[in-house]
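Below is one structure, written out as structure tokens; the observations come after it.
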Amino acid sequence: MVAAARGDVLPSLAAAAVAAAAAWLFRLLVRGWSPSRSTPATAVARLAPFLSLAAASVVVALAENAATAAVLALTDGAVEWPVGLRWWRTLTGVFTLTATGQLVLAAMASSGVPRSGAVAGRRPLPARRVLEVVALLLLTLGLTAVTLQLFPDLPLAFLLFVPAAWVGVRFPPVAAASSAGAVGGATIAFTLAGRGLFSDLGSALVSVLVTQTFFVVLFTTTLVLSLLSTQLRTAEQRAQQRAQLLDRVMTASSSGVVLIDRDERVLLANRAGRQLLRLPRPPVTADQLGFGRLTRGDGTPLTPHEQPHRRALAGGTVTDEDLHLPDGTRTSVLRVTALPLGDEVLLTFADVTAELAHTTALQEFAGEVAHDLKNPLTVVEGWSEVLEGEFLEAGAVPSSSGLPMERRVRTAAARMSSLIDDLSSTGWRPTGSCCTSCSTTWSATR
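Encoded structure:
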């Protein structure tokens, strides 16, 4: 009797050990094959981790089935052939349940819903979305009833892929997995009850195997469609956000930016570019940019082939070239850069009129300062030479001759010191207004 008890306990312990080993192997494979940035809550939120989960499920199901067959062979001494088909049942359960569970975790993590089930800050669905959900639910229930209940003898199982495709394309992965799981579960339930399309296939084993195959195909198709659609929608949203960000940057930029293609069509022209080129409306072609108005510094107009965009289209590069843009009352100086970008040309403009005026004022101011500082130095140098000559000739210079010379040197040094103090007190900085202020103050103190 003890031996009989041991014979009953040993297979159970072996089966439990096999199940535990299969769970450990599955966890190890999922962690090793999933991308490095995946987490348990987002492991199947993208297509690549989902495929890794499917592959791990296949390997674990095969390994678990082989281990179970070996245990049965060692304990009972014989293994019937249907045992070899258990791996498909294991694959179906592990794959669908794990994928659905992790999608639920991902949805909870992304929506801020705590795992205890409390709902926090969930926005209500729009009315149009509610109507779509109701229509999808009615279609799914109707086709399920037609396929499994009303006309089970007709090969209408393909009709169930219509709502599957709908939910896959229009809804997130967690909804797609739940919908496919519900339809697949209903199919299996009808088959086990002896009803439905797959209930009469010659044997119960074949019916169950075909039903599980249909479930896996339906589940995989729905979820792959949903994952791909979600990735496309996410990519589109990111592209729109980046386009909006680029538009804000281009609008806020003080430099003009224009993009022209090889056919001389204007693909982009920001607000600063239109203002610098004094365009009354957004340009469509390069001719409307008014490059024919640009001239060189001496007033010579540019020929059509010398215009910046055409030089860049010809393979050249224009870098920080100052061109003049006359407008009747005033002439602006634009610093232009034109870079070829494949079949397009990127032009940038910057108004350097004030900068050049500042530079000119600074140069004039520096010239005045240099002239006024040189005069005292010349006085110091001249009288120092005279005093040196007197020392060389007489050896000793009487006070009647030396003191006047020394006073002139001191006066020149004091003058230089006063000039330097005046220069420091003006608060000079390299801007045009300060240069003009410095020049005026300097001229008044001379």
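Each residue of the sequence shown is one higher than the last, beginning at 1 in the UniProt record's numbering.
Where is the CB? At the ideal position from N, CA and C, for every residue including glycine.
Let me know the secondary structure DSSP gives residue i once reduced to three states.
i, result
"residue 385", "helix"
"residue 253", "coil"
"residue 306", "helix"
"residue 348", "strand"
"residue 419", "helix"
"residue 404", "helix"
"residue 62", "helix"
"residue 295", "strand"
"residue 155", "coil"
"residue 398", "coil"
"residue 40", "The predicted position of residue 40 is uncertain, since its pLDDT is 48 and thus under 50; a value taken from the coordinates is nonetheless stated next. Correct three-state label for residue 40: helix."
"residue 115", "Note that residue 115 scores 46 on pLDDT, short of 50, meaning its location in the model is unreliable and no value can be drawn from it."
Name the two residues that bound the continuous beta strand (DSSP E) containing residue i.
i, result
"residue 279", "Segment: none, residue 279 is in no beta strand (DSSP E) and carries neither H nor E."
"residue 461", "Outside the shown range of the chain, which is 1 to 446, sits residue 461, and nothing can be said about it."
"residue 326", "318 to 326"
Which residues in the same chain have their Cβ closer than 7 Å to the Cβ of residue i, if we skip the five residues on either side of it in sequence?
i, result
"residue 13", "none"
"residue 136", "163, 166 and 167"
"residue 249", "none"
"residue 261", "267, 343 and 344"
"residue 229", "168 and 169"
"residue 271", "251"
"residue 253", "270 and 272"
"residue 285", "264, 265 and 266"
Just curious, the alpha helix (DSSP H) that residue i is in, first and last residue?
i, result
"residue 137", "127 to 145"
"residue 192", "173 to 192"
"residue 170", "161 to 170"
Between residue i and residue j, which are expected to be in contact by the criterion C-beta below 8 Å, what is the C-beta distance as a whole number of angstroms?
i, j, result
"residue 352", "residue 322", "7 Å"
"residue 349", "residue 276", "5 Å"
"residue 179", "residue 220", "With 8 Å as the limit, residue 179 and residue 220 do not qualify as a contact, their Cβ atoms being about 13 Å apart."
"residue 186", "residue 148", "7 Å"
"residue 475", "residue 410", "Because the chain spans 1 through 446 in this model, residue 475 falls outside it and cannot be assessed."
"residue 325", "residue 331", "7 Å"
"residue 25", "residue 63", "6 Å"
Is there a Cβ of chain B sitting closer than 8 Å to that of residue i, yes or no?
i, result
"residue 174", "This model lacks chain B altogether, as it is built from one protein chain only."
Less than 8 Å between C-beta atoms, sequence neighbours within five positions excluded: which residues of the same chain meet that for residue i?
i, result
"residue 118", "With a pLDDT of only 45 at residue 118, under 50, the local geometry of the prediction cannot be trusted, and no value is derived from it."
So, at 6 Å on beta carbons, what are the nonlocal neighbours of residue i in its own chain, with the 5 sequence-adjacent residues on each side left out?
i, result
"residue 340", "312"
"residue 116", "Annotation note: pLDDT 46 at residue 116 (below 50); position unreliable, coordinate value reported separately. Here the set comprises nothing."
"residue 176", "167, 168, 222, 223 and 226"
"residue 98", "none"
"residue 156", "147"
"residue 335", "320, 322, 350 and 352"
Can you list, in chain order, the stretches of the beta strand (DSSP E) that have 3 or more residues and sit fully within the stretch 214 to 273? 256 to 261 and 266 to 269
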